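Protein chains: 2
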Amino acid sequence: MADLIEISDPADPRLADYRDLRDVELRKSLESSEGLFLAEGEKVVRRAVAGGFEPRSFLMAPKWLDGLADTLATTDAPCYVMSEKAAEEVTGFHVHRGALASLKRRPLPSVESVLAGARSVLVLEDIVDHTNVGAIFRSGAALGFDAVLLAPRCADPLYRRSIKVAMGAVFALPWTRLPDWYEALPSLSAAGFTTVALTLADDAVDIERAVEGVDKVALVLGSEGHGISPRWQHASDRRAIIPMSAGIDSLNVAAATAVACYVTARR
Amino acid sequence: MADLIEISDPADPRLADYRDLRDVELRKSLESSEGLFLAEGEKVVRRAVAGGFEPRSFLMAPKWLDGLADTLATTDAPCYVMSEKAAEEVTGFHVHRGALASLKRRPLPSVESVLAGARSVLVLEDIVDHTNVGAIFRSGAALGFDAVLLAPRCADPLYRRSIKVAMGAVFALPWTRLPDWYEALPSLSAAGFTTVALTLADDAVDIERAVEGVDKVALVLGSEGHGISPRWQHASDRRAIIPMSAGIDSLNVAAATAVACYVTARR
Numbered sequence: 001m002a003d004l005i006e007i008s009d010p011a012d013p014r015l016a017d018y019r020d021l022r023d024v025e026l027r028k029s030l031e032s033s034e035g036l037f038l039a040e041g042e043k044v045v046r047r048a049v050a051g052g053f054e055p056r057s058f059l060m061a062p063k064w065l066d067g068l069a070d071t072l073a074t075t076d077a078p079c080y081v082m083s084e085k086a087a088e089e090v091t092g093f094h095v096h097r098g099a100l101a102s103l104k105r106r107p108l109p110s111v112e113s114v115l116a117g118a119r120s121v122l123v124l125e126d127i128v129d130h131t132n133v134g135a136i137f138r139s140g141a142a143l144g145f146d147a148v149l150l151a152p153r154c155a156d157p158l159y160r161r162s163i164k165v166a167m168g169a170v171f172a173l174p175w176t177r178l179p180d181w182y183e184a185l186p187s188l189s190a191a192g193f194t195t196v197a198l199t200l201a202d203d204a205v206d207i208e209r210a211v212e213g214v215d216k217v218a219l220v221l222g223s224e225g226h227g228i229s230p231r232w233q234h235a236s237d238r239r240a241i242i243p244m245s246a247g248i249d250s251l252n253v254a255a256a257t258a259v260a261c262y263v264t265a266r267r
Numbered sequence: 001m002a003d004l005i006e007i008s009d010p011a012d013p014r015l016a017d018y019r020d021l022r023d024v025e026l027r028k029s030l031e032s033s034e035g036l037f038l039a040e041g042e043k044v045v046r047r048a049v050a051g052g053f054e055p056r057s058f059l060m061a062p063k064w065l066d067g068l069a070d071t072l073a074t075t076d077a078p079c080y081v082m083s084e085k086a087a088e089e090v091t092g093f094h095v096h097r098g099a100l101a102s103l104k105r106r107p108l109p110s111v112e113s114v115l116a117g118a119r120s121v122l123v124l125e126d127i128v129d130h131t132n133v134g135a136i137f138r139s140g141a142a143l144g145f146d147a148v149l150l151a152p153r154c155a156d157p158l159y160r161r162s163i164k165v166a167m168g169a170v171f172a173l174p175w176t177r178l179p180d181w182y183e184a185l186p187s188l189s190a191a192g193f194t195t196v197a198l199t200l201a202d203d204a205v206d207i208e209r210a211v212e213g214v215d216k217v218a219l220v221l222g223s224e225g226h227g228i229s230p231r232w233q234h235a236s237d238r239r240a241i242i243p244m245s246a247g248i249d250s251l252n253v254a255a256a257t258a259v260a261c262y263v264t265a266r267r
């Protein structure tokens, strides 16, 4: 059972994990140096712990204690209890869903273990927006994808915003970083996957045709601004497009991913 | 040609349209009482003016003047020119894409005129998140939908965030508010549309089956939290679901819309 510790002073050093949650750069640096990540909201906190991540601590107003009693019962980590107002001073914003947890990151699994048994995989090159990363995980999980691989510069799925938008799918779906950007796609092809890059390139074929009858598929998605890099466009086995109305900007990457996952899941 | 007016004082009363852009409630009240909306970013500002909306004024740093010279040439509205730092003091945040415009809202068109000639229509009940509204417009426009109808409580497509996420699709796609929530769906059916509600209801059929061979379709989408109201669920001609993995939260409404638009466009 978690140790309940009432704290009234927002400056208390035990609250260091929860400071200035709106400062993205500061958080990135703190979270990677300390090996932690933050979960926000009752449902997401519960899923993080149920997903096997070890809590460092919890922070919540008294009214959230009952709802998370089952989760708090599974751990010896401290649970700091504060008024909402004091918690707001620590975090820098109004914590809508009340409960926060700081959890330990785990070493990333190998690409081989993430791909073991997988038939449908998402490969994210340089998606830099945490909301998009979270949305892609959520859609992938809902539409039957088995795993996610991230290029070295893709945004962090364990950043608070990614986790929240993913509704915890980052805990359910196996994922890891690709250690080698340059050889990533040829390695996937060698492992038996047909790599299908979603792109507006001239030689792209309709996504339904690109995945039709293919067994193991790796759907490759590029950055919000410039799409997939020339290296990856060239290295992918197929280039595919979602047919769109003339004169309209392409779909947002999260929307395009949802459509492509849907089509690929039904191949 | 717009009148270029240099302003150095952030407190200048001519800048009233641009104050405190992060304060959602204040903005809602100001924008509806003044009958204005704000466009942000060179591309979006250009599309708003090209879409026939009359500018009240522009606000930008000197470096954006050249890029928008074509747009500024079409109007007599004042263009306030300020340093980025001073502009930030007015708006309350760093204006990444530099240019802002305040434009006049127009009277909403009638439902009949929005539906004239339309074959694929989106109907949004109580989508309260501006990002979702914008994403839905963008996907609808890209995937071949002809019009959007909004229930009385749906979030404003002309709110700055909606416009930005929609990449200006709110200027291209005809839309209006439904004056009568209660009779909205029966009226659409009477106008020859098959209303298809996207829902997790037990009697929902696969979306592909629901729209197969249907001529005029109105795809009905509900709020992020509770989905479509019982009244609208009951009043819709068909209830449809996107097949999903067991045990996973449903898709985000913007992702679900993208998939449903894709399927419906190919019916």
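These protein sequence lines map, in sequence, to chains D and R. Position 174 of the first sequence, counted from 1, bears residue number 174 in the UniProt record's numbering, the numbering being contiguous throughout. Position 157 of the second sequence, counted from 1, bears residue number 157 in the UniProt record's numbering, the numbering being contiguous throughout. For every residue, glycine included, the Cβ atom is placed at its ideal position computed from N, Cα and C. All of these numbers come straight from a predicted model, not from anything done at the bench.
Give the C-beta separation of residue 310 (chain D) and residue 143 (chain D) to the nearest angstrom, bearing in mind that I take them to be a contact with Cβ-Cβ under 8 Å.
In the structure displayed, chain D extends from 1 to 267; residue 310 (chain D) sits before or after that span and is not available.
So is residue 51 (chain D) buried or exposed if we call it buried at 16+ other beta carbons inside 10 Å?
Burial check for residue 51 (chain D): the Cβ neighbour count within 10 Å stays below 16, so the residue is exposed.
Assuming residue 147 (chain D) and residue 179 (chain D) are in contact, meaning their beta carbons sit under 8 Å apart, how far apart are those beta carbons, in whole angstroms?
Actually they are not in contact, since the Cβ atoms of residue 147 (chain D) and residue 179 (chain D) sit about 16 Å apart, beyond 8 Å.
In the structure shown, what three-state DSSP assignment does residue 12 (chain D) receive?
Residue 12 (chain D) falls in the coil class under three-state DSSP.
N-terminal and C-terminal residue of the beta strand (DSSP E) that residue 175 (chain R) is part of:
175–177
Using Cβ-Cβ distances below 9 Å, what residues of the segment 226–244 of chain D are close to chain R?
242, 243 and 244
Would you please state the rounded distance, in angstroms, between the beta carbons of residue 190 (chain R) and residue 239 (chain R)? I believe it to be under 8 Å.
Their Cβ separation, rounded to whole angstroms, is 19 Å, which puts residue 190 (chain R) and residue 239 (chain R) out of contact at 8 Å.
Between the segment 215–222 of chain R and the segment 110–130 of chain R, are three or more C-beta pairs nearer than 8 Å?
yes
Using C-beta distances below 6 Å, list every residue in its chain close to residue 112 (chain R), excluding the 5 sequence neighbours before and after it, in chain order.
Excluding residues up to 5 positions away in sequence, nothing lies with its Cβ nearer than 6 Å to the Cβ of residue 112 (chain R) in the same chain.
Closer than 7 Å, Cβ to Cβ, to anything on chain A: give me those residues from the segment 130–154 of chain D, in chain order.
You won't find chain A in this structure, because its protein chains are D and R.
Nearest-angstrom Cα distance between residue 55 (chain R) and residue 207 (chain D)?
Cα-Cα distance, rounded: 41 Å.
Under 8 Å by beta carbon: chain D residues contacting residue 251 (chain R):
138, 139, 142, 143 and 258
What residues match up with residue 80 (chain R) in a beta bridge as DSSP calls it?
R:5 and R:59
What runs of the alpha helix (DSSP H), each 4 residues or longer, lie entirely inside the UniProt domain "tRNA/rRNA methyltransferase SpoU type" (121–262) of chain R?
130–142, 160–165, 169–172, 184–190, 207–211 and 230–235
Measure the Cβ-Cβ separation of residue 165 (chain R) and residue 141 (chain R) and say whether it is below 8 Å.
no
Please tell me whether residue 248 (chain D) has its Cβ less than 8 Å away from any Cβ of chain R.
yes
Classify residue 74 (chain D) as buried or exposed, calling it buried when 16 or more other Cβ atoms lie within 10 Å of its own Cβ.
exposed
Along chain D, which residues have their Cβ under 8 Å away from the Cβ of residue 86 (chain R)?
Result: empty, since nearest Cβ-Cβ is about 24 Å, beyond 8 Å.
Taking 8 Å as the CB-CB cut-off, is residue 159 (chain D) touching chain R?
no
Contact defined as beta carbons within less than 8 Å: I believe residue 108 (chain R) pairs with residue 177 (chain R). What is the distance between those atoms, to the nearest angstrom?
6 Å
What does residue 167 (chain R) touch in chain D if you count any residue whose Cβ is under 7 Å from its own?
249
Under 9 Å from the C-beta of residue 254 (chain D): neighbouring residues of chain R
135, 252, 254, 255 and 258
What did DSSP end up calling residue 32 (chain D) once you bin it into helix, strand or coil?
helix
If you measure from the beta carbon of residue 262 (chain D) to each beta carbon in chain R, is any gap under 8 Å?
Interface residue, yes.
For residue 253 (chain R), which residues of its own chain have a beta-carbon under 7 Å away from its beta-carbon, when the five flanking residues on both sides are left out?
127, 132, 221 and 224
Could you tell me which of D:38, D:248 and D:65 sits nearest to residue 53 (chain D), measuring between CA atoms?
D:38
So what's residue 113 (chain R) in DSSP terms, helix, strand or just coil?
helix
Alpha carbon of residue 87 (chain R) to alpha carbon of residue 62 (chain R), nearest angstrom
11 Å
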